[in-house]
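Residue numbers (our numbering): 3 to 81. One structure is given here, and the rest of the page talks about it.
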């Protein structure tokens with residue numbers, strides 16, 4: 003199982019982060035512990051949403067979509 007997730011910064015509500023992992027709890031803890039260079043500055047984080055995929059390829063495609071312009075717009079409307 004692979005998870006695609008969107009984090010929302012509690013320090014700056016306008017900041018979001020999109021990522022994917024096989025262990026969501028561990029990865030979320032790493033983000034909040036400052037172990038990711040991309041997210042350390044805006045911690046603490048909360049999970050806005052996550053979606054589980056049984057196929058890694060589909061998870062990768064959805065993650066890339068969410069990082070695109072139309073994907074960011076989609077995420078703002080729905081999450």
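Heads up, the beta-carbon is just placed ideally off N, CA and C, and yes, glycines get one too. Remember, it's a predicted structure, so these values are computed and weren't measured experimentally.
Residue 48 holds the alpha-carbon nearest to the alpha-carbon of residue 31 among 20, 78, 80 and 48. Between residue 61 and residue 6, the CB-CB gap stays under 8 Å.
For residue 76, the uninterrupted alpha helix (DSSP H) segment begins and ends at 71-80.
Take the alpha-carbon of residue 8 and the one of residue 40: they are about 13 Å apart. Partner residues in the beta bridge of residue 48, as assigned by DSSP, are 10. Following the DSSP letters along the chain, one finds residue 40 in no alpha helix (DSSP H), marked with neither H nor E.
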